[in-house]
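A.B. asks:
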Amino acid sequence: MSSVYSVTQINGYIKHLFQQDFMLTRISVRGEVSNCKYHGSGHIYFTLKDQTSSIGCVMFASARRGLAFPMRDGDRVTVTGSIDVYERDGRYQMYARSIVKEGAGILYERFLALKADLEDMGMFAEEYKQPIPEYVRTVGIVTSPTGAAVQDIRNIAGRRNPFVQLILYPALVQGEGAVESICRGIAALDALHPDVIIVGRGGGSLEDLWAFNEEAVARAIFQCSTPVISAVGHETDTSISDYVADLYAPTPSAAAELAVKDIRETLNRKEQYRIRIRSLLEAKLREQRTLLEARRSRLGYLSPENRIREQRRQLMDLEQRLQDAAFRSLEEKRMQLQIRIGRMKGCSPLDRLNQGYSFVEKGQEPVKSISQIRAGDLLNIYVRDGSILAEVKETAEAPDPAAKK
Numbered sequence: 003m004s005s006v007y008s009v010t011q012i013n014g015y016i017k018h019l020f021q022q023d024f025m026l027t028r029i030s031v032r033g034e035v036s037n038c039k040y041h042g043s044g045h046i047y048f049t050l051k052d053q054t055s056s057i058g059c060v061m062f063a064s065a066r067r068g069l070a071f072p073m074r075d076g077d078r079v080t081v082t083g084s085i086d087v088y089e090r091d092g093r094y095q096m097y098a099r100s101i102v103k104e105g106a107g108i109l110y111e112r113f114l115a116l117k118a119d120l121e122d123m124g125m126f127a128e129e130y131k132q133p134i135p136e137y138v139r140t141v142g143i144v145t146s147p148t149g150a151a152v153q154d155i156r157n158i159a160g161r162r163n164p165f166v167q168l169i170l171y172p173a174l175v176q177g178e179g180a181v182e183s184i185c186r187g188i189a190a191l192d193a194l195h196p197d198v199i200i201v202g203r204g205g206g207s208l209e210d211l212w213a214f215n216e217e218a219v220a221r222a223i224f225q226c227s228t229p230v231i232s233a234v235g236h237e238t239d240t241s242i243s244d245y246v247a248d249l250y251a252p253t254p255s256a257a258a259e260l261a262v263k264d265i266r267e268t269l270n271r272k273e274q275y276r277i278r279i280r281s282l283l284e285a286k287l288r289e290q291r292t293l294l295e296a297r298r299s300r301l302g303y304l305s306p307e308n309r310i311r312e313q314r315r316q317l318m319d320l321e322q323r324l325q326d327a328a329f330r331s332l333e334e335k336r337m338q339l340q341i342r343i344g345r346m347k348g349c350s351p352l353d354r355l356n357q358g359y360s361f362v363e364k365g366q367e368p369v370k371s372i373s374q375i376r377a378g379d380l381l382n383i384y385v386r387d388g389s390i391l392a393e394v395k396e397t398a399e400a401p402d403p404a405a406k407k
């Protein structure tokens with residue numbers, strides 16, 4: 003029984019065969035463009051056909067520098083690239099690295115040759131690129147005074163920041179004398195020291211744009227001490243000036259946007275900063291005010307005046323407590339005195355006299371028993387309101403209480 007393979011295995015095998023064929027890795031094919039579509043990702047999909055056959059083609063966005071013109075259906079072109087299998091769908095197609103339009107082949111070959119030479123010289127190197135200032139005051143423009151490019155730059159720059167000064171050097175941008183005019187314009191504006199120079203023009207054919215593919219213009223841009231933005235043609239056009247310039251813009255309008263910062267954005271940012279700074283200041287003031295109040299309270303608490311006031315208040319409290327204690331002690335002593343007075347009154351002879359009793363003395367001695375008295379003795383009898391002098395007639399003993407029982 004023969005071996006059975008999956009679709010993936012078959013497509014992979016065929017892809018391997020294509021990759022092993024050296025001729026298919028770099029091949030040029032001539033034909034007519036049809037079904038040309040520019041994808042949003044930057045890739046270009048199209049079909050290359052002749053009278054009897056066709057082949058699908060794709061140019062990836064990374065290879066777009068190899069296209070020097072806007073490709074359209076019906077263009078006669080020569081496509082250079084490789085032929086390989088798209089393994090997922092099992093179909094082969096051509097992967098274009100460069101496309102030359104018929105009739106422009108000689109110019110395009112010159113373009114590629116000069117590009118390679120200048121690249122070898124290091125004129126495209128990133129270390130030589132000057133940064134574009136974020137905020138510019140003057141912008142130099144080298145372009146035709148009657149073309150749409152200068153009007154686009156004026157309109158967009160005026161809308162984004164009407165305070166930016168535009169200095170135009172009216173130059174020839176195509177035909178005889180264009181290269182010299184562009185070089186003189188770059189040198190003249192560079193001598194005025196603007197913040198940035200825009201060099202460019204509107205779209206056109208490869209022949210129309212050729213002045214920006216000359217070595218003299220490339221060297222003028224490279225030697226310029228002012229940052230240069232190249233804006234030649236439409237988005238699909240590519241020139242030597244674009245590679246040499248400090249910044250590439252796909253159109254003159256885009257160059258104006260790159261050179262002139264939108265003042266409205268700056269003003270909005272400034273307002274945001276103002277609001278934020280004010281908010282931060284208010285928060286800081288509130289924080290410092292709270293801290294000040296806390297320190298003021300602490301200082302007031304620790305101040306000599308407050309300490310004297312506090313000690314005076316404590317002294318008054320102690321004085322009041324002392325007075326209260328003295329008053330309570332006095333009341334206790336007064337009550338104890340009253341109790342003792344009551345007790346003393348109970349033992350006082352005068353109190354007894356007031357109750358009807360009397361006090362008897364014989365001479366200076368109190369009479370306590372009848373054994374102290376004889377008939378005829380004189381006795382002093384004290385009563386409540388005076389004394390009585392009496393003579394004893396007789397005495398009699400008190401009955402014995404025990405005898406009664």
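Residue numbers (the numbering used here): 3 to 407. Idealized CB from N, CA, C, for every residue including glycine. On a predicted model such as this, the values are computed, not experimentally measured, just so you know.
Contact between the stretch 48 to 66 and the stretch 107 to 117 is defined here as three or more beta-carbon pairs at a separation below 8 Å; is this criterion met?
C.D. replies: The stretch 48 to 66 is not in contact with the stretch 107 to 117.
A.B. asks: How should Y171 be labelled, buried or exposed, when 16 other C-beta atoms within 10 angstroms of its C-beta is the threshold for buried?
C.D. replies: Counting Cβ neighbours within 10 Å, Y171 comes out buried, since at least 16 surround it.
A.B. asks: Extract the residue ranges of the alpha helix (DSSP H) inside the stretch 183 to 242, only unbroken runs of 4 or more that lie entirely within it.
C.D. replies: If we require 4 residues or more, the alpha helix (DSSP H) runs fully inside the stretch 183 to 242 come out as 217 to 225.
A.B. asks: Using the Cα positions of L186 and H18, report the straight-line distance between them to the nearest angstrom.
C.D. replies: Note on identity: in this sequence residue 186 is Arg, with Leu being the wrong assignment. Between R186 and H18, the C-alpha separation is close to 56 Å.
A.B. asks: Cα separation between Q29 and A63?
C.D. replies: Position check: residue 29 holds Ile in this sequence, whereas Gln was assumed. The alpha-carbon atoms of I29 and A63 are separated by roughly 20 Å.
A.B. asks: In the structure shown, what three-state DSSP assignment does A392 receive?
C.D. replies: Residue state, collapsed to three classes: strand.
A.B. asks: Beta-carbon within less than 7 Å of Q153's beta-carbon, same chain only, minus the 5 sequence neighbours each way: which residues are those?
C.D. replies: If we look at Q153 and ignore the five residues flanking it on each side, it has no Cβ neighbours.
A.B. asks: What does DSSP give as the partner residues of Q95 in its beta bridges?
C.D. replies: D86, per the DSSP bridge assignment.
A.B. asks: If you draw a straight line from the alpha carbon of T292 to that of Y137, how long is it in whole angstroms?
C.D. replies: So the alpha carbons of these two residues sit roughly 42 Å apart.
A.B. asks: State yes or no: is the C-beta of R99 within less than 7 Å of the C-beta of G58?
C.D. replies: No, the Cβ-Cβ distance between R99 and G58 is not below 7 Å.
A.B. asks: Do the CB positions of V181 and E216 come within less than 7 Å of each other?
C.D. replies: Taking 7 Å as the Cβ cut-off, V181 and E216 qualify as a contacting pair.
A.B. asks: Closer than 7 Å by C-beta to A127: which residues in its own chain qualify, once you throw out the five before and the five after it? Chain order, please.
C.D. replies: There are no such residues.
A.B. asks: For the stretch 102 to 129, list the alpha helix (DSSP H) runs that are entirely contained and at least 4 residues long, ordered along the chain.
C.D. replies: Runs of the alpha helix (DSSP H) inside the stretch 102 to 129: 107 to 123.
A.B. asks: Please list the segments of the alpha helix (DSSP H) lying wholly inside the stretch 238 to 270, counting only runs of 4 or more residues, in order along the chain.
C.D. replies: Listed in chain order, the complete alpha helix (DSSP H) runs (minimum 4 residues) inside the stretch 238 to 270 are 242 to 246 and 254 to 261.
A.B. asks: Given a cut-off of 7 Å on the beta-carbon distance, is the pair V201 and V230 in contact?
C.D. replies: Yes; because the gap between Cβ atoms is below 7 Å, this pair is in contact.
A.B. asks: On a Cα-Cα basis, can you pick out the residue from E104, I169 and V60 that is closest to G33?
C.D. replies: Checking every option, the nearest Cα to that of G33 belongs to E104.
A.B. asks: Candidates C226, T238 and E399: which alpha carbon is nearest L211's?
C.D. replies: When each option's Cα is compared against that of L211, the closest is T238.
A.B. asks: Just to confirm, are A222 and A251 a CB contact at a threshold of 7 Å?
C.D. replies: Their beta carbons are not under 7 Å apart, which means A222 does not touch A251 by this criterion.
A.B. asks: Pick from I242, R386, L287 and A258: whose alpha carbon is nearest that of I134?
C.D. replies: Considering only alpha carbons, the answer is A258.
A.B. asks: Does the Cβ of V9 have 16 or more other Cβ atoms within 10 Å, making it buried, or fewer, making it exposed?
C.D. replies: Flag for V9 reads exposed.
A.B. asks: So, for N13: in the same chain, excluding its five sequence neighbours on each side, which residues have a beta-carbon less than 6 Å away from its beta-carbon?
C.D. replies: E89 and G92, listed in sequence order.
A.B. asks: Report the rounded CA-to-CA distance for S5 versus Y15, giving the unit in angstroms.
C.D. replies: Each residue's alpha carbon lies about 14 Å from the other.
A.B. asks: Tell me the DSSP bridge mates of G58?
C.D. replies: T49.
A.B. asks: I need the DSSP call for K286, collapsed to helix, strand or coil.
C.D. replies: Helix at K286.
A.B. asks: Which residues share a DSSP beta bridge with Q455?
C.D. replies: Since the first and last residues shown for the chain are 3 and 407, residue 455 lies out of range.
A.B. asks: Helix, strand or coil: which one does DSSP assign to V9?
C.D. replies: DSSP places V9 in helix when its eight states are reduced to three.
A.B. asks: Can you give me the start and stop residues for the alpha helix (DSSP H) that N157 sits inside?
C.D. replies: Where N157 is concerned, the enclosing alpha helix (DSSP H) stretches over A150 to R162.
A.B. asks: Is Y137 helix, strand or coil by DSSP?
C.D. replies: Residue state, collapsed to three classes: coil.
A.B. asks: Using the Cα positions of K286 and R266, report the straight-line distance between them to the nearest angstrom.
C.D. replies: Distance between the alpha carbons of K286 and R266: 30 Å.
A.B. asks: Which residues mark the beginning and the end of the beta strand (DSSP E) in which Y171 is found?
C.D. replies: Note, Y171: beta strand (DSSP E), Q167 to P172.
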